[in-house]
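Undergrad: Numbered by full-length UniProt numbering, the letters in the sequence shown go through residues 1 to 417 in order. Ideal Cβ positions, reconstructed from N, Cα and C, are used throughout, including at glycine.
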Amino acid sequence: MTMRRFATFDTLQIFTDNRNFLQTASTNRMFKSSDNFPLGSKDVPIEPLDALHREYQIDRQLGSGGFGRVFLAIRRSDGTRVAIKFILKAKMSVHSWYELPNGHRIPLEFLLLHKCRHISGIVRPISFHEGPTEWAIVMPKIEKGMDLFDFISRRRFLPEFEARNFIKQLIETLLACHEAGVLHRDIKDENLLVDLADNRLQLIDFGSGAILKEEQYTDFDGTRVYSPPEWIRWRRYHGKPAEVWALGILLFDMVCGDIPFERDDQICHSGPRFKRRLSRQCRQLILACLQTEPSKRPSLREMLRHPWIADPSISANAATSCASSSSGFGGGPTDSDSRDESLPRRSAAQKRPAAADQPSRAAKDSPSPPLVRFTISGGSGSGESLDSNLLLHEAETAAAICGQAISSSDSGYAASQ
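Written as structure tokens, this is what we have:
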């Protein structure tokens, strides 16, 4: 059983190097209103923290992370339950700030959430607040919901038709975020809430996010085991292909019950080893997203055109097609075995919070590859431009490395930071 952990390093020297790297990273400038992101001070309404305490009664803590804590609160006027995320100013890194035209700094997360407030696939902010030592975001609380990590853990894995529904929703949400000029940068099961009333998926925690740009990023505050190989190798990455990589990790997690990689060398050099018998189209989509060469990954729109997503009958009939398949993945459960007791059950203690920038032993000064677009043709069957050798390139996942995990006592809203 693997652990949700803070980092994937196994020597003290790596952590020593990390401290040196963070000192260097502190020279990175913050985002400013003069950057190519048209938002002024009037666009992000910031209220004093005192107003929050007048309007809401703090009830109990829901979760905690590296940057702060999340509390359940009750609105005094009507009894509405909300979640309030408090962010400690002293814990924020330099690239987590946004400088307004008047020189005042606000968390970049506030700006990103405000830009995405019209998107139905995110938990929309109610208000933003500032105090002497901390910031706060008031968010709606989903009463009948849980994060996707717990949702998967209770069932060990998801049938393909359900995973397809979730991944399609998420892709559409991410496309809407891109149109708003926002890149989330920490896609993972802990940052997705499932509304059990209608099986709608909502994206949370933009604390690792950034302004979307075509140039490469040289900082990363997301979760290490979801990070792309180009970040580990070259310390830089293009945002959109890196996001597709994370979607490949997430899709594997949903249909197999856990993530495919635990160590940097696995991320950079190993293909995923499928732990269950899946439809050919599902495997193909995962492998396309997990191409180590960024230029060979599909775009989000190309993913939507992939037969596994575009044709609901493929995932709906996955159990039948897998049972008669001769693909060499025999012996694993099919989707009809949605509660197979042979697969281990995960617990909340295994969750991995987003980690700060951490260098890799695999990091090199090699130039990054050019960004070229990969195309998936429409239709079903063999029309996809995929490297068939990837189907043969699978490596065993190594033993887990212990680390730190976020604590959470309520599944309605849990912060990764």
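1) Could you work out which residue in Ala242, Ile314, Leu113 is closest to Gln291 when comparing CA atoms only?
2) Thinking just about the alpha-carbon of each residue, which of Ile142, Ile106, Tyr98 is nearest to the one in Asp195?
3) Checking the sheet assignment: what are the DSSP bridge partners for His114?
4) Give me whichever residues DSSP pairs with Trp97 in a beta bridge.
5) Between which residues of its own chain and Ile259 is the CB-CB distance below 8 Å, once the five residues before and five after are set aside?
6) Does the segment 297-304 touch the segment 168-178, meaning 3 or more C-beta pairs lie closer than 8 Å?
7) Roughly how many angstroms separate the alpha carbons of Ile232 and Phe128, rounded to a whole number?
8) Can you give me the start and stop residues for the alpha helix (DSSP H) that Leu212 sits inside?
9) With DSSP collapsed to three states, give me the class of Arg276.
10) Name the one or two DSSP bridge partners that Leu193 has.
11) Pick helix, strand or coil for Val44, following the three-state DSSP scheme.
12) Please classify Val255: does DSSP put it in a helix, a strand, or coil?
13) Report the three-state DSSP secondary structure of Asp186 (helix, strand or coil).
14) Tell me whether Ile122 sits in a helix, a strand or coil according to DSSP, three-state version.
15) Which residue wins for smallest C-alpha separation from Leu108, given the options Tyr98, Cys116, Asp43, Asp50?
16) From Lys188 to Gly222, what does the alpha carbon distance come to, in whole angstroms?
17) What residues in its chain sit with their C-beta under 6 Å from that of Ala246, if we drop five residues either side in the sequence?
18) Ser153: buried (16+ other C-beta within 10 angstroms of its C-beta) or exposed?
19) I need the boundaries of the beta strand (DSSP E) containing Arg75, first residue and last residue.
20) Could you compute how far the alpha carbon of Arg200 sits from the alpha carbon of His238?
21) Over what stretch of residues does the alpha helix (DSSP H) that includes Leu62 continue unbroken?
22) Roughly how many whole angstroms lie between the Cα atoms of Arg105 and Tyr217?
23) DSSP on Pro140, reduced to helix/strand/coil?
24) For Leu88, which residues from the same chain have a beta carbon less than 8 Å from its beta carbon, with the 5 sequence-adjacent residues on both sides left out?
25) Taking C-alpha atoms, which residue in Lys296, Ser295, Ser279, Asp219 lies nearest to Asp311?
26) Could you tell me if Gly103 is buried or exposed, where buried requires 16 or more neighbouring beta carbons within 10 angstroms of its beta carbon?
27) If you draw a straight line from the alpha carbon of Pro101 to that of Leu193, how long is it in whole angstroms?
28) Please return the same chain residues whose Cβ sits closer than 6 Å to the Cβ of Val244, not counting the five positions on each side in sequence.
29) If you run the structure through DSSP and keep just helix, strand and coil, what is Glu262?
30) Can you tell me which of the three DSSP states Ser34 falls into?
31) Among Ile126, Leu285, Ser295, Phe151, which has the Cα closest to the Cα of Ile314?
32) Pull the bridge partners of Glu134 from the DSSP assignment, please.
33) Between which residues of its own chain and Lys275 is the CB-CB distance below 6 Å, once the five residues before and five after are set aside?
34) Which residue comes first and which comes last in the alpha helix (DSSP H) that contains Lys296?
35) Out of curiosity, what's the CA-to-CA distance linking Glu182 and Arg60?
36) So for Ala83, helix, strand or coil by DSSP?
TA: If we stick to the structure as given:
1) Ranking the options by Cα distance to Gln291, first place goes to Ala242.
2) Distances from the alpha-carbon of Asp195 to those of Ile142, Ile106, Tyr98 put Ile142 closest.
3) Answer by DSSP bridge pairing: none, since His114 is not bridged.
4) Per the DSSP secondary-structure output, Trp97 pairs in a beta bridge with Pro107.
5) The beta carbon of Ile259 lies closer than 8 Å to those of Thr2, Val225, Tyr226, Ile249, Phe252, Asp253 in the same chain, with the five residues before and after it left out.
6) Judged by Cβ distances under 8 Å, the segment 168-178 makes contact with the segment 297-304, as three or more pairs qualify.
7) Going by C-alpha positions, Ile232 is about 34 Å away from Phe128.
8) Neither: Leu212 is in no alpha helix (DSSP H) and is coded neither H nor E.
9) Three-state DSSP puts Arg276 in coil, outside helix and strand.
10) As DSSP reads the structure, Leu193 sits in a beta bridge with Asp147, Gln202.
11) In the structure shown, Val44 sits in coil (DSSP, three-state: anything other than H, G, I, E or B).
12) In this structure, Val255 counts as helix in the three-state DSSP scheme.
13) Looking at Asp186 - three-state DSSP - the assignment turns out to be coil, as it is neither helix nor strand.
14) Strand at Ile122.
15) Here the closest residue by C-alpha is Tyr98.
16) Near 9 Å, if we compare the C-alpha coordinates of Gly222 and Lys188.
17) Setting aside the 5 residues that flank it on each side, Ala246 is surrounded in the same chain by Ile187, Tyr226, each with a C-beta closer than 6 Å to its C-beta; the list follows chain order.
18) Only buried fits Ser153, as 16 or more other CB atoms lie within 10 angstroms of its CB.
19) In the DSSP assignment, Arg75 falls within the unbroken beta strand (DSSP E) covering 68-75.
20) The C-alpha of Arg200 lies about 29 Å from the C-alpha of His238.
21) Judged by DSSP secondary structure, Leu62 falls outside any alpha helix (DSSP H) and instead within the beta strand (DSSP E) spanning 56-64.
22) Distance between the alpha carbons of Arg105 and Tyr217 is about 21 Å.
23) Here Pro140 carries a strand assignment [DSSP, helix/strand/coil].
24) Contacts found: Phe67, Gly68, Thr133, Glu134.
25) Out of Lys296, Ser295, Ser279, Asp219, Ser279 has the C-alpha closest to the C-alpha of Asp311.
26) With fewer than 16 other CB atoms across the displayed protein chains lying within 10 angstroms of its CB, Gly103 is exposed.
27) Rounded to the nearest whole angstrom, the C-alpha separation of Pro101 and Leu193 is 35 Å.
28) Exclusion of the five residues before and after Val244 leaves Cys289, Arg297 as the residues of its chain whose Cβ lies within less than 6 Å of its Cβ.
29) Judged by DSSP in its simplified three-state form, Glu262 adopts coil rather than helix or strand.
30) Because the pLDDT at Ser34 is just 44, under 50, the model does not fix this residue reliably, and the point stays unresolved.
31) Selected option, being the one with the closest Cα: Leu285.
32) DSSP, once it has assigned bridges, lists Leu88 as partnering Glu134.
33) So the list reads Cys256, once near-sequence residues are dropped.
34) Here Lys296 belongs to no alpha helix (DSSP H), and DSSP marks it neither H nor E.
35) Going by the sequence as given, residue 182 is Val instead of Glu. Spanning the two alpha carbons is a distance of roughly 31 Å.
36) Strand, per DSSP.
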